[in-house]
Every structure is written in structure tokens, then in C-alpha cells.
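**Q** Protein chains in written order, with our numbering: chain A, 273 to 567; chain B, 273 to 567; chain C, 273 to 567; chain D, 273 to 567; chain E, 273 to 567; chain F, 273 to 567.
Number of protein chains: 6
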Amino acid sequence: MITPISVKKLVDLAFQEDLLFGDPSSEGSIPLSTWGTAIIRAKSDLVLSGQEAAQEVFSRFDDITDIKWFKIDGDTCSKGEHVVQLSGLLRDLLMAERTALNFLMRLSGIATHAKAVMDCIRTYPNMRITDTRKTMPGWRYLEKKAVRDGGAFNHRFNLSDGIMLKENHIMAAGGIAKAVERVRAHTHHLQKIEVETTNLDEVSQALEAKADVIMLDNMSNQMTSEAITLIRGHSHGPHVTIEASGNMTLARLPEVAALGVDVVSMGALTHSSIAADLSMRVTAVGDQIFSQPKV
Amino acid sequence: MITPISVKKLVDLAFQEDLLFGDPSSEGSIPLSTWGTAIIRAKSDLVLSGQEAAQEVFSRFDDITDIKWFKIDGDTCSKGEHVVQLSGLLRDLLMAERTALNFLMRLSGIATHAKAVMDCIRTYPNMRITDTRKTMPGWRYLEKKAVRDGGAFNHRFNLSDGIMLKENHIMAAGGIAKAVERVRAHTHHLQKIEVETTNLDEVSQALEAKADVIMLDNMSNQMTSEAITLIRGHSHGPHVTIEASGNMTLARLPEVAALGVDVVSMGALTHSSIAADLSMRVTAVGDQIFSQPKV
Amino acid sequence: MITPISVKKLVDLAFQEDLLFGDPSSEGSIPLSTWGTAIIRAKSDLVLSGQEAAQEVFSRFDDITDIKWFKIDGDTCSKGEHVVQLSGLLRDLLMAERTALNFLMRLSGIATHAKAVMDCIRTYPNMRITDTRKTMPGWRYLEKKAVRDGGAFNHRFNLSDGIMLKENHIMAAGGIAKAVERVRAHTHHLQKIEVETTNLDEVSQALEAKADVIMLDNMSNQMTSEAITLIRGHSHGPHVTIEASGNMTLARLPEVAALGVDVVSMGALTHSSIAADLSMRVTAVGDQIFSQPKV
Amino acid sequence: MITPISVKKLVDLAFQEDLLFGDPSSEGSIPLSTWGTAIIRAKSDLVLSGQEAAQEVFSRFDDITDIKWFKIDGDTCSKGEHVVQLSGLLRDLLMAERTALNFLMRLSGIATHAKAVMDCIRTYPNMRITDTRKTMPGWRYLEKKAVRDGGAFNHRFNLSDGIMLKENHIMAAGGIAKAVERVRAHTHHLQKIEVETTNLDEVSQALEAKADVIMLDNMSNQMTSEAITLIRGHSHGPHVTIEASGNMTLARLPEVAALGVDVVSMGALTHSSIAADLSMRVTAVGDQIFSQPKV
Amino acid sequence: MITPISVKKLVDLAFQEDLLFGDPSSEGSIPLSTWGTAIIRAKSDLVLSGQEAAQEVFSRFDDITDIKWFKIDGDTCSKGEHVVQLSGLLRDLLMAERTALNFLMRLSGIATHAKAVMDCIRTYPNMRITDTRKTMPGWRYLEKKAVRDGGAFNHRFNLSDGIMLKENHIMAAGGIAKAVERVRAHTHHLQKIEVETTNLDEVSQALEAKADVIMLDNMSNQMTSEAITLIRGHSHGPHVTIEASGNMTLARLPEVAALGVDVVSMGALTHSSIAADLSMRVTAVGDQIFSQPKV
Amino acid sequence: MITPISVKKLVDLAFQEDLLFGDPSSEGSIPLSTWGTAIIRAKSDLVLSGQEAAQEVFSRFDDITDIKWFKIDGDTCSKGEHVVQLSGLLRDLLMAERTALNFLMRLSGIATHAKAVMDCIRTYPNMRITDTRKTMPGWRYLEKKAVRDGGAFNHRFNLSDGIMLKENHIMAAGGIAKAVERVRAHTHHLQKIEVETTNLDEVSQALEAKADVIMLDNMSNQMTSEAITLIRGHSHGPHVTIEASGNMTLARLPEVAALGVDVVSMGALTHSSIAADLSMRVTAVGDQIFSQPKV
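(1) Between the C-alpha atoms of LEU472/F and MET538/F, what's the straight-line distance to the nearest angstrom?
(2) Taking all protein chains shown into account, do 16 or more other C-beta atoms lie within 10 angstroms of the C-beta of GLU474/A, making it buried, or fewer, making it exposed?
(3) Closer than 6 Å by C-beta to THR309/B: which residues in its own chain qualify, once you throw out the five before and the five after it? Chain order, please.
(4) Grouping DSSP H, G and I as helix and E and B as strand, with all else coil, what is MET408/D?
(5) I'd like the list of long-range same chain contacts for ALA547/C, defined as Cβ closer than 7 Å, with 5 residues on each side in sequence excluded.
(6) The segment 463-477 of chain F: which residues have C-beta closer than 9 Å to a C-beta of chain B, in chain order?
(7) Given a cut-off of 9 Å, decide if GLY434/D and ASP433/E are closer than it, judged by their beta-carbon atoms.
(8) Between the alpha carbons of ILE465/C and HIS511/C, how many angstroms are there, rounded?
(9) Compare the C-beta of LEU285/B with all C-beta atoms of chain E and state if any pair is closer than 9 Å.
(10) Just tell me which of PRO303/F, ARG504/F, GLY447/F has its CA closest to the CA of ASP534/F.
(11) Report the neighbours of ILE435/E on chain C: residues whose CB is nearer than 9 Å to its CB, in chain order.
(12) Given a limit of 9 Å on CB to CB distance, which residues of the segment 406-419 of chain A reach chain D?
(13) Select from the segment 505-537 of chain B all residues with a C-beta closer than 8 Å to any C-beta belonging to chain F, and list them in chain order.
(14) Below 8 Å, can you find three or more Cβ-Cβ pairs linking the segment 283-302 of chain F to the segment 346-360 of chain F?
(15) Out of THR469/E, LEU462/E, VAL485/E, state which residue places its alpha-carbon closest to the alpha-carbon of GLY447/E.
(16) Examine chain C for any beta-carbon lying closer than 9 Å to the beta-carbon of SER321/E, and answer yes or no.
(17) So the candidates are ALA418/D, CYS392/D, THR459/D; which of them puts its Cα closest to the Cα of ARG420/E?
(18) Considering only the beta carbon of each residue, do VAL536/A and MET399/A sit closer than 9 Å?
(19) For a contact meaning CB atoms closer than 8 Å, what does VAL485/B contact in chain F?
(20) Please say whether VAL485/C and HIS508/A have beta carbons closer to each other than 9 Å?
(21) Give the range of the alpha helix (DSSP H) segment to which GLY300/B is assigned.
(22) Can you find a CB in chain E that lies within less than 9 Å of the CB of ASN426/D?
(23) Assign GLN494/F to buried or exposed, taking buried as 16 or more other Cβ atoms, counted over all protein chains shown, within 10 Å of its Cβ.
(24) Looking only at its chain, what residues have a beta carbon closer than 8 Å to the beta carbon of LEU373/F, apart from the 5 residues adjacent to it on each side?
(25) For PHE330/F, write down the residues that DSSP places opposite it in a beta bridge.
(26) List, in chain order, every chain F residue whose beta-carbon is nearer than 7 Å to that of LEU292/C.
(27) So with CB distances below 9 Å, who are the chain C contacts of MET568/B?
(28) Exposed or buried, PHE562/F, counting other C-beta atoms within 10 Å across all chains shown (16 or more means buried)?
(29) Could you check the C-alpha separation between ASP364/C and ALA314/C for me, to the nearest Å?
(30) Check whether chain E comes within 9 Å of ILE442/F, counting only Cβ atoms and requiring the distance to be less than that.
(31) Along chain F, in chain order, which residues have C-beta atoms closer than 7 Å to that of PHE333/D?
(32) Please report how far the alpha carbon of THR513/A lies from the alpha carbon of ASP334/C, in whole angstroms.
(33) So that I know if they touch, is there some Cβ in chain C lying closer than 9 Å to that of ARG370/B?
(34) Have a look at PHE425/C and ILE302/D and give me their C-alpha separation to the nearest angstrom.
Below, the structure written as C-alpha cells:
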């Protein structure tokens, strides 16, 4: 696959911050030609994500390195299972260990989190739980993919691949009807328009404006239920996707699903995930014969 | 202050991923010349961090923007307190809102976490709690600073500003004595050498090798205590910094401090912090008169 | 406004290729402190575009430069009208002249082209003419904006802000129904799905699959008309946007509009526009007093 | 060959703008392991250019891709002829299709244009037609090469590889003699000096100043003829290259050649070329067996 | 002036390598708001060069910094003379001190060296001494300018702004005549062609081929003299620039000048210059009142 | 080995400055398919350094190039000895020749210089001679490695991997004791603290403050000797590294070593080294058969 440029740049940044002047601990203690084999494995149950970034890290190794993946993104790994095996110059392996693990731990943490929230609503297969744009600057692509690897869904990728009209846009445009009309005239014809609402009156206005998606922002279950009834009873209603957001807990997710919401968006999926636990262990060390001097 | 290049590059990446084709929601609904004032404030109690990155984000605005900070990095903010006020083109404010908040939320989350762990050991002012190199690739500088903003301490910044000899180095070099000797001959004279140990025998070897720092890795309180006794009773002992790592919980931190450990390093400080809650609200919108056409 | 990073990078590339070793013609003949005023003006009737890129070019000048725009993007300029006036170090003006003009000439050429095609269908205000992804690598943002500046419309910005299922996707997925179903399950809920069709049978399948947009690819007016009848008579039909593409000439555009097509996409808007003619003339040259040595 | 860094950067920009969040149309509908073969071919008669950029695009594919070129830059391709065949992961081929074609279409368009103008003066083998610096920012290297691929010639590459003294330089220096003298003292000894003239008096001054190249700017055929007589009759004349520029049409080119002009420079060669037509078609799709999990 | 992108990139690299994690010595000991004034001055007699790079370094400071230059590039500075004064945040000054000095010391070293070699041939005002392409990778622009600042001259800037045919080109082309003919047909009409020769026979061939510049490579004074006689006696001779290179010492330069050589090129000008001595001293330290919190 | 990103960026800069528009001398005279073999060899006795940078240069060649190193960094090369042999497209070899040599010549020059100073103190194996931060901006990693390749030692790599308190820090903090105390509380526990002293009183204060390293700045041999006596007689003395700096000549080095100094730091090691002499010679040229068109 074609590795996204943003991933290459993040790996460049990572190597610059960690390896700017090499690794004197390894250079001082390990001969250049020492060969090693290492295995990265799960130290807790997890859903794997981050393979593309880790592979980009490994691509910077000496060409003679051999890389064997046992799992791919989206696979469930039980504690102790092997994820990938690397054979190459021992120094290379140790210099890249932390960077590769830092990618895998954060991204697998998100994927594992995503799986946990989807597991809550297993009995409501028609509801999606999505991420938001609350991702780490520089990591948008990787974190959005981790969410999918865990079985949850994405919301829009960035400001230009979906229209979201919030309070400020609506105020500046002079109301929901005006805002939707103006933006529809401006934006391209493959983009849906979502309107954020906080009460039933705004929901009605969004319906009249033929919004494609209506977001129910921070509403109680009671108001959410009334909003859904209002939407589904309207002539435009069947074409509307209903999204709920705000104050979502694992406990509340099935309740909201039962009300008939189509999509719940949760910033915590990315901004408050706990790292998954993975580590690298060197399993063999030996001497490598070089037929000619190596750099 | 001179903003680190890595922060500039991260802001570039962030704008590229979020703003690649602008913000059609705002461009479609808000006139170019509409002026706005917005305030970012804390939505939970937190320790602020990320001001430098946010300021770099704001530096990309139109020059006429006015920025007023009410807090600086390291300040405690109570829920509801104002952090910074921005006055400028409303479109600029909305286009940068998410990126600025994504920096502030993650970094203040780390600073708040750091303060929490330091609060656990308030009565042991001689023990440091430090981060590790388990930081998000690309974010090392910012996350290390967030740890300091929260009152905790840094471990080494990267592979070249401190020597850490682990099992693999020791094996490859043929023992602790050999590894320390070789590395000391190789590395520069302002670097301290830390040796990772897992049992008392290794602690003894590290003492004999005159390691500057001895890490007690994943030891029980009992073994930690014996190691400390061993070290402090040795002639080189007074010059040794004792670091403990592994299985640290908030509850265990004061116990370890009581044993006489100098430093505890915790990867979770950075890899498993929860985002602090901050949001931006537009407080005023109006028209701005331009004396000549604006780009 | 926040200048997109891609525009900054393009200006960097432009300066590197043109100014790598400065401008010896100017450095050799013009004293460093010579002051100049220059005006860029239209040499043919045109619609202006490229102001943002030109402004980024000018932002690299010495700070003392004064820049006054008489027109903004989207304005019509008659032959001879002034676009922007620059006062600063004469060397600066001459070093940046070509780069600024190269941006303005190409982008205004596209905007002028876009206006010309929209003028063809003035009497059909409900039909859009859009660009495609056939833009110059590196120039996607700027060329898409130029199309809007000329009054035409954008198609999707890139591969991830709109779904377009072509022959190859359909074949690989095993038919239109399968392809739409799979992609709908995969992609986010703000994205519309477009299906490319080449005959009425495929149009029917796309209707059954509830495609949001149906593209009639390279169809005759006759077949286009039949496809529209088929679509508008179907229960899902009112929700479909109908796009036509292929073999579009200025003469044919009103015919297609009369048939009831919603959108016509034309690659030529960007890949085969002729540069608009603009030039820069120095209108005053004089000496500038510096109170202290200048770099 | 060593691919210029500017080409690598342009490909980076192109992938960032088109592939920032991958290709959900392909990812949703085509299995990761599906193999494909595709052929890029000419859809109109053209002169090929852009192979180096296309090859750089293909170099980002998975290593297993097989690339076979049937034509090289400068080759004439008749409508329907195959240019290059690609075998690899179908997703890779589809993700890169548009970027590769966008390079080939623009650059082959320029090469085809260059061939057309050279064909006009086939019977005057001693006259060169050259491009100018009116190239797309970021594309200077590629467009200059396309001009050569089409059989036409380059003018100077940038501001530092040839001296060109225009009206402003001459005014600032106090006349042609002064300007040439100063610049000759300043610049390196492998650079020729060209002087732009608009009347016979300036031509005389340029001759006296021993300019290496004299440009006759926007002169009529009559004045061009007189200028040539003046130059060739002067003692320095035999060492002067005579360049004409301005208002050149295909019809006028042979007239100017007949007058004895050495070089005609035409901005339109690059700024107003029409894209050549090329397209990619997938010719085979199948499953590829992987012995181990692939990223 | 427009700072070249390559200089900006070099400053970025410099700050990354020196300031990746800030300056803990200053951050630990100096309060953020401490104000300072510092002066950079010459510690040996020198010719100044590097102002543009130093200014780019200073441009990264906090905006409140005040910068006053007492000298400009090309000025002679006696030991002890002040070059530039900086007033700003003391931390900023100390963080940038080394980087600014490293630029100024190397570049002023080259300029001082250049002046020394030109002083050797003061009585031969018609001979130029030039640099070569033996410059530090990344520093070509800056080192070429330093040579000019010292009063010496540049040879070609890079591979594309001057043709130089060496032994390998000549062999591959099948002789000097063939090589010159082919290259003249290939390259643009503002480029001169230089031929490297090692004996009188090759000089004759170069003359016949009408080379613009003939390089006498590693010839004795005797052979140099014969070559000059041969060239000047040939009908094409008056149009030839004669360059000598190889084994040039300060003592030999006037001898070669006396023979009538036009240009001597010396790699040592850039690859073996000794750094000029400059240092920065803080002259005042005080507290700065900030009306609001500073980043 | 993992090539540092800074080296890749420097090679990018080098190719951009030298090869921006290719190599018309070679392109004009040498057919694309001409094959060549070339050897880089020492033209003076030297210690090799720069292999990593040269290898990065060669990595940009066409894949078919064959590279064979006869020496590695740190090896001594006598005049005439072969360093590396390259077989590939002749144009590739000639285009990269100068860039590769520019790296090898400067870095081998530093390594050779480093060996010379270490040879001066062969009989004092306990004294180190180190570099400083006076390296060429952008070249810190490479120059520091060259110093080690020559057998000398490194001082700190940058501002954040070692604490150095100079006059300004001490003044701002209010004395040596205060400065050391504050910095020790601020910085991480693997960093040593060095204090710069200029007289015996300051040495005493540094001792009391328990500085890890005491620098004797610009002291005479007499004062150096007294300072050493003072330090070694103090209870903290045995733990102190004593560094001397300033006015070091080859003649003085053994004197200082005899006094018992541990470390001498010399800026001249990097800022005033003379380039080592290496050159490339093409040893074979021939035609290469390509089974299909090549880019």
C-alpha cells in the first residue's frame, strides 16, 4: 500500500526527536555487526492498530532486516501473543524499538477502546459509534484508522469533507434556513450537511432546511426521544441521519441506541484512550558475517 | 521565546490534515469580513500546558488578530476560568479552534496527571516522579514540558542525552562491568550512566561498575528495600541515584518514597493521560470595516 | 485568513527553483537601497484569482514593503485595470515579479475559463458546471478555488471527501449493489456515494442501490434524456443528483442543461485553461534613506 | 537517474492533497489482496513527457509492483498506443492513477505543443524556439524538460543561470553601457549577458556594450529586419545571438526565421499548453496469494 | 531582501540540532522575563559575511527583540569592533548565540580568506580569483556569497548554470570537438562552455571547437605561458577566457597573473578556510515588565 | 544502520543546490545508457569519515548501481589508497561526484585533525581532547562523529544533553551556588552539571556547589595547576571532572595533560579543519544493454 506522506513525516519527526545524535548506549556497548532477533508481543489483550506506522519505522532499517508479521491491523491479540518478529542488526532493532512501540501502543489503545464501546451496543447493529476531530495534531489519519480497526466508525476526516453547521455559523448567517441554503450553494455536491441542534425548535428548523444529518447536542434521553419522533414524522425525516453527542457513558450507549439514534459521536474514543501494552524482547543475538565493510 | 522547529512542524501537519481544502462550513456561511471575539476556557479543573503550541497556531492568523492570555503554562485553572481571548476574523477563529484545543486538551491532561501523582508524595519532597520515552511520536518536546508544567520531572529526553544500559546491552557486551566500561569510554563526559537491574546480584555489579544511576526494575517493596540498603552501604553508594520503575500505582507511590527511592519513572504519565476539558466560545460577532480589499 | 500550508510549500518550491542563487542581474545593476513602486495590471479582460498565493509571495519581502490591492479574487478586471501596487526595495520587487505573475496568470486563466462556461448556461440557473480531480499536482487547492472564483463549482476535492464508484470498483466488488452496500458500511455518514454508469441498465442498478449521485458517463443526448426519465420516475429518483460527463463542448452545455442534468463535470476547466495575461510595470524608482545598515 | 528533489517534493504534495485520508472508495469495495494489471495509453497523438515524475509516483507503491515502460520521454505516441503497464495491488494502482496521469497529461501536452511549433520552422534548422520562465511555480524543472522532449529549446532556467537586463535594470544603472559593465564585473565568467531592446538606438547601445545576446522585444518584422542588419554589420555582431520575443503566432514563426533571427522565446509554450489525453485502464484483476499477513 | 529558502532550511536544521529540547541551562537559571543586551564583536581582524543567515536566526526571536547592525557584509572589522547589538529576552539571546556565531565565524572566515588572496594580486586588476563547487553541502549559496563579500569572484554556482567539459565527458562523447558540438546543441543559449585541458594539443582542439572558456588544469608556469600564446594567437582567441587551476599558492598567484591568465579557481577558498573569531558578550541584564502573561 | 534524518535532509539540500536543473554538461555529452566504473581514493594521508553521508548520496542512484567500500569510517588511508568503487550509469556517477566528495573531504579533514591532536598526547592516555558546539549549522551530527572517527572525543551534543553554566547564567541566578542549585532542581537526573570558572575563587564556589565538571577557562598553566590542587584536595574533588579550554596549541596539549587535566575542549577541531584530499576517477566506460526502455 502507498504509505501516507503524513505517516512518513511523523516517523521523520520521531526519529529526529529520539535519534538526533544516535544511540550511544548501543553504539558504546554493542558491536556494529552483532545480529539479533526480536519479537514484539502483546502484554495485555488488545486489538492491533499501527502496523502501517511501525512498518514505516522498520523500512528505515538496513535492507538486510527480515520482518515477519503474525497479526494485522484489526486482529485481536491475547496477552502474550506475538505480533511481529524482526531479524537484523541488533543496534537497528534497539534504536527503533521505542518509536515502533509508541505508535503501536497508542493506536492499539484506541482500537481496543473502540472495540469496547462497540461491544456495548452489540444488540443494536444499526447504530454507529464514531470518533470526532478531537485527535492528536499530526495523528488524524492514524487515529481515524485505529477507530475503524477497532470496529467503530469515523465521523468526517477534516473541515472539508463534510459540512457541520454549529451555533456560530448559524448566528453569522442569520438562522438555520439561511445557513443551510448558503452552504449548499457554496459546497460541492458530494457533501452532506449536518446541523447541530440543542432543542426541538432548532430540530424543526433543520428539518425544514432539509439538513442531511441532524445532531442532537447534549440532549437528555427524554428530549432525544422527542426529537426522533419529530424527525421521523416529518416528510423529509426518512432521509435524515440522526446523530447524538455529549455526556455519553458506556452505560448510556445502549439506552441511546434503543431510542433509535443512528450515530453517536464520542471524542473520548481518541482523546482519552489508554495505551495498550506491548513490548519488544530480543530472542537471539549472534554474529553476522559481512563479506565487505559495512557503513 | 524561540519556538522549537518540531512544534512548528506539528502545527504544519495539523493544519494540513484539518484545513487542506479550507473550511467550507465557515466559508459558505460567514462573510469574510465578519469579526469575532472568542474565549477558550477550562471546563474542568486542570493545570495548563500547551501555550507554546497554541500560540504557534494563533501566529498563523491574519495579523490583525488580538491575543490575550489570562493564564500561563503551569497555572492551575478552575472549571470555568478563562485561559485566552482571541479577537479577529471569525473565520480564522473557527478554522483554528479545533487544532488549538487539541493541543491544549492533551497537554493540559498530562500536566494535570503529573500534578496528581506529585500530590501523592507531597510529604516526600526528596523523591522525583518522572516520565519516560513513552511519548507520542512527534510530541516528545511538548509532552516532556507538560510533565514539568504539572510539577513532575523528566527522565532523559532521547537516546543521546543519557546512557541507559538494559539487558540487551549488557548481554551483548558480556556483563555489566564490561558494558559500563565500554560505554564510559565511548560517550561524552557530561553524561551519566544508568544500569537497569532486576535482582540484588545485578545491583552489586552495577555498584562495582560505578554506575551513576541504578534502576530497580519491577522489584517488590521488599527487594527494593534490600537494594537500597545494599547501595547505601557501599562506598560508591552515596553518589548513586536510585530509580524504581514498574507496577507503580498512586497507592504505592508513597510506600516507595518511604523506602528512600530517589526517582520513580512512570510511562503512564504520558501514554495514558486523559484529555483535560477545554472549549472555545464565541462571545461577540460584528462587522469589521476594511479600508481596502483584503485577501 | 490562514494561508494553507500547501500554498506556503509551493511558494517555497517556486523561490527555490527561481532564486536559488539570488538574482545577479538585479544585484549587479541595482543598488541595494533603491526604492521602487510597481503595479501589476491586467493585459486582457479576466476574472482574478491567485491573490492568496501572490500575497504569500509578497509576505517574503522586506517588512517595509507596502502592498495595496485594488481587486480581490473573483473580481472582473478589464484590460488595463490595476490589480495590486507594491512599494519596496526595487530588488525585492524584481526578484518576486515572475513568481507572483506565474501564480496570477494561471489561476486567473482558470477563473476566466470557468466564467466563460458558466456564461453559456446563464439561462439554466439550476445546472452546475464543476471541475474534476484533473488538476496540476501540488495545485489542487488553488485551482479548485480559481474555479469557484470564476463562478463555477467544485467536484470532490480528493479521494476521501466523496465516494465515486467506477467500473473497477464495481467489478472488484461484484456488481453495483454490492459495491454501494460495502462502501456505505465502510465510509463515514457525511459522505455521498456516486456511481458511474454507461448505460440504462447500470442506471437502474444504481437507483436500486440508492446511490446519492448517478453519473452518466459519455452518453449521447438521447441516452442522457432516457436516463433522466428513468431516474426521475423512480421512487428514489427525487433524492438523486444527476451528473453528466464526457465530450462536453461550449455548444453542447445548454443542450445538456435543457435535458435536466444537475451537474456537468469538465476536466478541461483546469487541465486545458489558457493563462490570463497580467504584467508588472515599475512606476517609480528612487533612493530610500536607511538610518542604519540594512541586511 | 537521480530524481530531482523538487520532483519528489511535488509528488509528496500531490499525494498529500489527493490521498490525505486514503481512498475510501477503493478501500470499501476492493479487498486488500486483489491484484490488478493496468495500462496507461495515449488517447490522442502526442509526444510523451513526464516519465520521471510518473516513475516517482510508482516508486511509492508496494515493492511487488511490476512496471514496464513501452515508450520513453520524447517518443511520439499515436492514439491508442500503450505507454506503460503496471501490475500490482489493485488499490495501489487506483490510488495513484490520477496523480500519475495528471503529470503525464500536462507534461506531454507541453511536449506536443513544443513539437508543433518546431514543425512550423522545419525548413529553418538554425532557429531555436525556446520557453521562458513563465512556468507553473514548482514545475520549472519538469516543464523545461518537457519543452526539450518536444524538440524545442530552453531559455535560462532561473534568475541565476543567465543575465537578462531589462528596462528596470537599465534605468536603475543609468543606461545600457553602465548596466552591462556593472553586471559583467559582478557575475561569474560562464554567464552570458542578454540585453532587452525595443528600438534601434537601444540595439546600438547593446552592441557597443558587447552584449552576448540582444533581445528584440515586440518589434515588427520590419524593425526586426533593420535590427539584424545593424547587428550583423557591427564588428561585435558576429558574436551576438539575436533573440526575438512578443506576439509570436504559428504563422509568423517562419517569417521571423527567414529574417535571420537565432532564437524566438515563447511563454505560451508552457503557460498556455493544452493537456494531452492519456488514460489508464485496468486489464486484469485477480487474487494474489500472500504467504504471510501483509500491511 | 528575500531570504533564500535554503538559508531558512539551514537555520531550521541548526535549531533542531542544538535546541531540540530547549536550553535547560538557561531555563533552569534565568527567569523567563529577564531582559538582556548583548553585543557580537570581532575578536580578530576580519571581513564580515553571514549577516543574512544571522538575521534569519534572530528573526526567530520574540518580536520584542531589538537588533542593530553596525557593519554589513563585506565590511572590514578590526579586532574588538562591534558587529551587531541585540536587546531582548536574555534566554532568547543565549539560545541563539552559538548558532548565529557558527554562521558568522565560518562565513567571515571565508570572506577574510578571499580578501587575502585578492590582496596578493592587487597589482593585476584584470585577473579574477574564483571559488569552485567544493563547498559544504547545504552551504553553497552562503559560501559563494562570502567569497564575493571578501572581494573575490564566483565560478559557476552549480551543474546547470555553466557547462564544464572534463575528461570523462570528452571520452564519452569521442573527443573535444564532438563534446562541444553536442553540448552546444543541447544547452540553452545563455550558457558558456568551458573545456578542461591538460596539454597544448587539447588547448588547440578546444580553440577549434570555439570553447568560450579554456581551463588549463594543473599546468606549469611554462606550459601555461605557451598555452596563452597559442590561444591569443588564434582567430577565436580574443573571445576566450583563460582559466588556470591546480597547485595554486599565495606565492604563485602573482606569477600566474603576470602570465596573462584571466581567472584562477581555488577550491581551498571554501574547503580550507579557517574560522574568523567572533564572540557574543552580554552587556546588560535587567527585568522587563510585561503587562500580561507571556508565552 | 538507520541514517539520521538530518543527514538525509542535508543530502536533499545538497542535491537541490547542485542539481536543481540536472547536469547539462553530462546530459549533453554522455548517452543515457553509458555505463561507468569509478573509484574514490585518497590523495593525501587521512582518516576516513563521512561514509554514512556518502552512502546516502549513493542511495539516490539508479538501483542497478553497485557500491563497494574498501575502507570504513575511522580507517587510516594512505595517499593513493582506494576508498570506494561505484559501478553504474556514468551520468549518475558524475552528477553525484562533487556532493559525495564534499562530504568526505570535510569530514575526513576533521577526523584527520582529531587524530593529529590525539597523537600529541599519546603518552597521556587518561586525557581526552573534545570538540565543542562550534560546528557548521546542519552538520552537528556528522562533525561530532568525525571527531570520534579520528579518535578524539565529544563534548555535549547540544544545549539539552549536558548543563553548562557560564558567566551569564551565574550572574542572572545570583552566583554559582544559586545557579547550580536551581538548575539541578530543574533538569533531569541523568545530566551532569558543568560550571565555567575563570579564577580560583570561582573554582572554590563550584566545588562547594558540587559541580560534576569544572571548566578552567583560559587559565595559564600556573593557575590551572593551582586549580587542580584545590579541586583534588577537596572532599568533593575526586568526583569532579576537570576540563580546560582556551588558547590550546599542539605544543601546549602535553603540558596541560601533564598537569592532570581530564579533558581539553578545542573549537578548532571542527571550525578550523582543513579539507582532506580525495578525488574520483572514472576507470571504465562502456555500454549497458537495457532489455526495456529506462526512465
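Don't be surprised by glycine CBs; every beta carbon is placed ideally from N, CA and C. Values in this document were obtained by computation on a predicted structure and should not be read as measured data.
**A** The relevant details are as follows:
(1) The residue you call residue 472/F lines up with position 200 of the sixth sequence. The residue you call residue 538/F lines up with position 266 of the sixth sequence. Their Cα atoms are separated by approximately 22 Å.
(2) As a working mapping, residue 474/A is identified with position 202 in the first sequence. Answer is buried; the Cβ neighbour count reaches 16.
(3) The sequence position of residue 309/B within the second sequence is 37, counting from 1. So the qualifying residues of the chain are SER359, THR555, ALA556.
(4) Counting from one through the fourth sequence, the residue named residue 408/D turns up at place 136. The answer is coil: DSSP assigns MET408/D none of H, G, I, E or B.
(5) For the purposes of this step, residue 547/C is taken as residue 275 along the third sequence, with counting starting at 1. If we look at ALA547/C and ignore the five residues flanking it on each side, its Cβ neighbours are MET377, ARG378, GLY381.
(6) Listed by position along the chain: GLN463, LYS464, ILE465, GLU466.
(7) Taking the first residue of the fifth sequence as position 1, residue 433/E is located at position 161. Taking the first residue of the fourth sequence as position 1, residue 434/D is located at position 162. Yes, these two residues count as a Cβ contact at 9 Å.
(8) Reading the third sequence from its first residue, position 193 is the one you call residue 465/C. Reading the third sequence from its first residue, position 239 is the one you call residue 511/C. A straight-line Cα-Cα distance of about 12 Å links ILE465/C and HIS511/C.
(9) Along the second sequence, one-based indexing puts residue 285/B at 13. At a cut-off of 9 Å between beta-carbon atoms, LEU285/B makes no contact with chain E.
(10) Here residue 534/F corresponds to residue number 262 of the sixth sequence, with the count starting at 1. Closest option to ASP534/F, Cα to Cα, is ARG504/F.
(11) One-based indexing of the fifth sequence puts residue 435/E at position 163. Here the premise fails: no neighbours, minimum Cβ distance about 17 Å.
(12) Considering only beta carbons, the part of the segment 406-419 of chain A lying closer than 9 Å to chain D consists of ARG412, TYR413, LYS416, LYS417, in chain order.
(13) Against chain F - using a Cβ distance shorter than 8 Å - the residues of the segment 505-537 of chain B are HIS511, THR513, GLU515, ASP534, VAL535.
(14) Under the Cβ criterion (8 Å, minimum of three pairs), the segment 283-302 of chain F does not count as touching the segment 346-360 of chain F.
(15) Position 175 of the fifth sequence, counted from the first residue, corresponds to residue 447/E. Out of THR469/E, LEU462/E, VAL485/E, THR469/E has the C-alpha closest to the C-alpha of GLY447/E.
(16) Along the fifth sequence, one-based indexing puts residue 321/E at 49. No Cβ of chain C is located within less than 9 Å of the beta carbon of SER321/E.
(17) Residue numbering aside, residue 420/E sits at position 148 when the fifth sequence is read from its first letter. Closest option to ARG420/E, judged by alpha-carbon separation, among ALA418/D, CYS392/D, THR459/D: THR459/D.
(18) Position 264 of the first sequence, counted from the first residue, corresponds to residue 536/A. Position 127 of the first sequence, counted from the first residue, corresponds to residue 399/A. In this structure, VAL536/A lies near MET399/A, with their beta-carbon atoms less than 9 Å apart.
(19) On the second sequence, position 213 is the one that residue 485/B refers to. Going along chain F in sequence order, the residues near VAL485/B (Cβ under 8 Å) are HIS461, LEU462.
(20) If you number the first sequence from 1, residue 508/A lands on position 236. If you number the third sequence from 1, residue 485/C lands on position 213. The Cβ atoms of HIS508/A and VAL485/C do not sit closer than 9 Å to each other.
(21) In the second sequence, the residue the question calls residue 300/B occupies position 28. Counting along the chain, the alpha helix (DSSP H) containing GLY300/B begins and ends at 296-301.
(22) To locate residue 426/D, count along the fourth sequence from 1; it is residue 154. It does: the Cβ of ASN426/D has a partner Cβ on chain E nearer than 9 Å.
(23) The count along the sixth sequence starts at 1 and reaches residue 494/F at position 222. Classification for GLN494/F: exposed.
(24) Residue 373/F sits at position 101 when you count from the first residue of the sixth sequence. Within the same chain, ILE312, LEU550, SER551, MET552 come within 8 Å of LEU373/F by CB-CB distance, once the 5 residues on both sides are set aside.
(25) Here residue 330/F corresponds to residue number 58 of the sixth sequence, with the count starting at 1. PHE330/F pairs with nothing; no bridge assigned.
(26) The residue you call residue 292/C lines up with position 20 of the third sequence. What LEU292/C touches in chain F: GLU289, LEU292.
(27) A query on residue 568/B cannot be resolved here, the shown segment of chain B reaching from 273 to 567 and no further.
(28) Taking the sixth sequence and counting its residues from 1, the one referred to as residue 562/F is at position 290. Residue placement at PHE562/F is flagged as unreliable, the pLDDT there being 38, under the threshold of 50; a coordinate-derived value is accordingly withheld.
(29) As a working note, residue 364/C is residue 92 in the third sequence. As a working note, residue 314/C is residue 42 in the third sequence. Their Cα atoms are separated by approximately 21 Å.
(30) Counting from one through the sixth sequence, the residue named residue 442/F turns up at place 170. For ILE442/F, the answer is yes, since a Cβ of chain E falls inside 9 Å of its Cβ.
(31) The residue given as residue 333/D occupies position 61 in the fourth sequence. Within chain F, no C-beta atom comes nearer than 7 Å to that of PHE333/D; the closest sits roughly 14 Å away.
(32) Along the first sequence, read from residue 1 onward, the residue named residue 513/A stands at position 241. Along the third sequence, read from residue 1 onward, the residue named residue 334/C stands at position 62. Spanning the two alpha carbons is a distance of roughly 52 Å.
(33) Working through the second sequence from its first residue, we reach residue 370/B at position 98. It does not; no Cβ of chain C falls within 9 Å.
(34) Taking the first residue of the third sequence as 1, we reach residue 425/C at position 153. Taking the first residue of the fourth sequence as 1, we reach residue 302/D at position 30. Their backbone Cα atoms lie some 30 Å apart in a straight line.
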